[in-house]
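Line by line, the protein sequences are chains E and Y.
With this note's numbering as the guide, the letters of the first sequence map in order to residues 1 to 232.
With this note's numbering as the guide, the letters of the second sequence map in order to residues 1001 to 1272.
Below is one structure, written out as structure tokens; comments come after it.
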Amino acid sequence: MRLSPDEIIFWQSGFVKLNATIVFTWVLMAVLVMASILITRRLSRDMTRSRWQNLLEIIVTGIQDQIREVGLKHPRTYIGFIGTLFLFVAMSTLSTIIPGFEPPTGSLSTTAALALSVFVAVPIYGMTERGVGAYLRSYLEPTVIMLPFNIISDLSRTLALAVRLFGNMMSGTMILAILLTISPFVFPVLMSALGLLTGMVQAYIFSILATVYIASATLTQKPSPARPAGET
Amino acid sequence: MLIDWFTVGAQALNFLILVWLLKRFLYKPIMTAIDTREARIRKERADADAIKADAETARDTFQKMSADFEQARAGLLQQATDDATAERQRLMAEAHSAADALAAQRAKALQTEAQALATSITDRARDEVFAVARKTLNDLADVRLEDRICDTFVHRIQASGDQPDSALSTAIRGTSEPIPVRSAFDLSPEQHAAIRSALHDTFSTDAELTFETAPRLIAGIELTAGGQKLAWSISDYLSSLKASVGETFSARDASQAGPTADADRTQEKVSA
């Protein structure tokens, strides 16, 4: 039983290989970029605009609003990274309805790559925003004893990001494959719809968690006001 | 092994490339379009606000101009009313003066007519009185009127002697010139003698008398000496009659002038 599209290898030369994960990722990338180019080629700056432009604007402004709601005051700085995370995962989920298409996020390598990207991006954004010293000092808070725990926390949440997304996508694909062998008609459709839903939720969770991590790394801690007596 | 590290690296690279591509072809154009549209909307709103402000300014200006115009119109109307009132008063004054002049002219004409009538009446009355008196004296006493006039004059001379210190007595006594005696008719020698005798007896004078006929005396006789005059004639009575008739006419004019003035005032109210 095949658990990951990594196992489908089209071409290999030593360490370098071209498996289904990479190829389908390229396909997704091509679709996303081509759609963007096609739609933004004739962008209207007037009050009237096409429905596709409307859709893109809704998506972009929605992502911006989500980033702002998490606490990042300048969402345009982060929308390239976080928005692409969301769009890539969401498009991977949507692509499961195409027969024969293997979603790249069904590969632990892809989710690990995305989690590693978040793992790297968080300190970069934090240092850019707060300065290297201030960011590194945050690992010693509240005490020096917490340093290993903070590092473990970073590593574990990266691992959790990768495994959570992989598990959900892989399980959806696996359940679909198993159901197809048992009852090939109604149930696979229902499970596929359910998989779409959980995939979208995972896309949202993945990008929101990345946003939260970036926000926690970039926001300088301010002394909280003293709580009134009697408040719990 | 579920993780292929080459794939991980390739996917990470793919992801970074995708980030760059989407930034270049998706986020940036969309953001630019949104910013352009928002800027345009802001500009249009600012323009609309400016137009609204201009409209409000124009409205305020128009209201102020309208108020000024209304005020100017009221002022002009008031001035026109005042001018019309002044013109009306001037015309009324002119009409009054014209009416007064006309009334004065009419009163003068009436007075002239009254005087002419009075003169005519006086003349007629005098002539009638003279004729009546003459006829009456002739019919009743069978004596000529001239005789009675002469007798009356003689009596008056004699009556003047009762006041020896009067100016007339002094003048007659003191004169050495002939004393003229004028009469409206020719006196007879007897009448000359009677008058001369009366003068001599009354004033003890030997002055000569010269007798003249003067028709203006109208049935009367007079003598003058030293600037003093003694006379009797119907003219005196006719003068009294004339004065009486004149008073009668004056009273009638006054009674006619009253209703005329009332009528003038009524006419003024109607024209106002």
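No residue lacks a Cβ here, since even glycine has one placed at the ideal position from N, Cα and C.
Since the structure is predicted, the reported quantities are computational estimates derived from the model, not experimental observations.
For residue i, list the residues DSSP reports as bridge partners.
| i | result |
| --- | --- |
| Y:Ala1229 | Sequence check: residue 1229 of chain Y is Lys here, not Ala. In DSSP, Y:Lys1229 forms a bridge with Y:Thr1224. |
| E:Phe149 | According to DSSP, which records beta bridges pairwise, E:Phe149 is partnered with nothing at all. |
| E:Leu94 | Answer is none; E:Leu94 lacks a bridge partner. |
| Y:Phe1211 | Y:Val1181 |
| E:Val16 | E:Ser13 |
Assign residue i to buried or exposed, taking buried as 16 or more other Cβ atoms, counted over all protein chains shown, within 10 Å of its Cβ.
| i | result |
| --- | --- |
| Y:Ile1179 | buried |
| Y:Ala1039 | exposed |
| E:Asp6 | buried |
| Y:Ser1166 | exposed |
| E:Gln233 | Since the first residue of chain E shown is 1 and the last is 232, residue 233 of chain E is not available in this structure. |
| Y:Trp1005 | exposed |
| E:Asn168 | buried |
| E:Val201 | exposed |
| Y:Phe1025 | buried |
| Y:Arg1216 | exposed |
| Y:Ala1261 | Per-residue confidence for Y:Ala1261 stands at a pLDDT of 49, beneath the threshold of 50, marking its modelled position as unreliable; the derived number appears in the next sentence. Looking at its Cβ environment, which holds fewer than 16 other Cβ atoms inside 10 Å, Y:Ala1261 is exposed. |
| E:Val186 | exposed |
| E:Ile152 | exposed |
| Y:Ala1109 | exposed |
| E:Ile98 | exposed |
| Y:Phe1057 | As written in the sequence, residue 1057 of chain Y is Thr, which differs from the Phe given in the question. Counting Cβ neighbours within 10 Å, Y:Thr1057 comes out exposed, since fewer than 16 surround it. |
| E:Gln64 | buried |
| E:Ser224 | Low local confidence applies: a pLDDT of 47 at E:Ser224 is under 50, so the model's placement there is unreliable, with the coordinate-based value given in what follows. Per the 10 Å Cβ criterion, exposed. |
| Y:Pro1029 | buried |
| E:Tyr213 | buried |
| Y:Gly1075 | exposed |
| Y:Gly1009 | exposed |
| Y:Leu1091 | exposed |
| Y:Gln1191 | buried |
| E:Gly133 | exposed |
| Y:Val1154 | buried |
| E:Pro228 | In this prediction, E:Pro228 scores a pLDDT of 44, lower than 50, which makes its location untrustworthy; no coordinate-derived value is stated. |
| Y:Gln1089 | exposed |
| Y:Val1019 | buried |
| E:Pro103 | buried |
| E:Ala121 | buried |
| Y:Ala1101 | exposed |
Report the CB separation of residue i from residue j in whole angstroms; it is logged as a contact under 8 Å.
| i | j | result |
| --- | --- | --- |
| E:Met170 | E:Leu3 | 6 Å |
| E:Ile82 | E:Thr211 | 5 Å |
| E:Phe10 | E:Phe101 | Their Cβ separation, rounded to whole angstroms, is 15 Å, which puts E:Phe10 and E:Phe101 out of contact at 8 Å. |
| E:Leu209 | E:Leu161 | 6 Å |
| Y:Ile1221 | Y:Leu1209 | So it is not a contact: roughly 12 Å between Cβ atoms. |
| E:Gly106 | E:Thr173 | 5 Å |
| E:Arg45 | Y:Arg1037 | 6 Å |
| E:Pro123 | E:Ala217 | 7 Å |
| E:Leu108 | Y:Ile1003 | 5 Å |
| E:Ser117 | Y:Ala1012 | 6 Å |
| Y:Leu1168 | Y:Leu1230 | 6 Å |
Are the CB atoms of residue j and residue i within a distance shorter than 9 Å?
| i | j | result |
| --- | --- | --- |
| Y:Thr964 | E:Thr21 | Given that chain Y is displayed from residue 1001 to residue 1272, the structure contains no residue 964 of chain Y and the question cannot be resolved. |
| Y:Val1181 | Y:Phe1203 | no |
| E:Phe88 | Y:Phe1015 | yes |
| E:Ser183 | E:Thr96 | no |
| E:Thr158 | E:Phe206 | no |
| E:Gly195 | E:Thr110 | no |
| Y:Ser1233 | Y:Ala1184 | yes |
| Y:Thr1205 | Y:Arg1173 | yes |
| E:Leu72 | E:Ala115 | no |
| E:Thr61 | E:Gln53 | no |
| E:Glu57 | Y:Ile1017 | no |
| Y:Lys1023 | E:Gly14 | no |
| Y:Ala1214 | Y:Ala1225 | no |
| Y:Leu1021 | E:Val163 | no |
| E:Ala203 | E:Phe86 | yes |
| E:Pro188 | E:Leu197 | no |
| Y:Leu1187 | Y:Cys1150 | yes |
| E:Tyr135 | E:Met127 | yes |
| E:Tyr125 | E:Thr181 | no |
| E:Arg49 | E:Leu43 | yes |
| Y:Gln1111 | Y:Ala1171 | no |
| E:Gly199 | E:Ala35 | no |
| E:Ile37 | E:Asn19 | no |
| Y:Val1129 | Y:Tyr1237 | yes |
For the ligand NAD, any of its heavy atoms closer than 8 Å to the Cβ of residue i?
| i | result |
| --- | --- |
| E:Met91 | Because no ligand of any kind appears in the structure shown, any question about the ligand NAD cannot be addressed here. |
Near-chain E residues of the region 1048 to 1075 of chain Y (beta-carbon distance less than 9 Å), N- to C-terminal order: none
Closer than 7 Å, Cβ to any Cβ of chain Y: which residues of the region 163 to 191 of chain E, in chain order? none
Interface residues of the region 50 to 64 of chain E facing chain Y [CB-CB below 8 Å]: Per Cβ criterion, the list reads Gln53, Leu56, Glu57, Val60 and Thr61.
Residues of the region 85 to 106 of chain E in Cβ contact with chain Y at a cutoff of 9 Å, in chain order, please. Leu85, Leu87, Phe88 and Pro104
Positions along the region 1015 to 1028 of chain Y whose CB lies within less than 9 Å of some CB in chain E: Phe1015, Leu1016, Ile1017, Leu1018, Val1019, Trp1020, Leu1021, Leu1022, Lys1023, Arg1024, Phe1025, Leu1026, Tyr1027 and Lys1028
When Cβ atoms are compared, which residues of the region 7 to 24 of chain E fall closer than 8 Å to chain Y? Phe15, Val16, Lys17, Asn19, Thr21 and Ile22
When Cβ atoms are compared, which residues of the region 1001 to 1013 of chain Y fall closer than 7 Å to chain E? Leu1002, Ile1003, Asp1004, Phe1006, Thr1007, Val1008, Ala1010, Gln1011 and Ala1012
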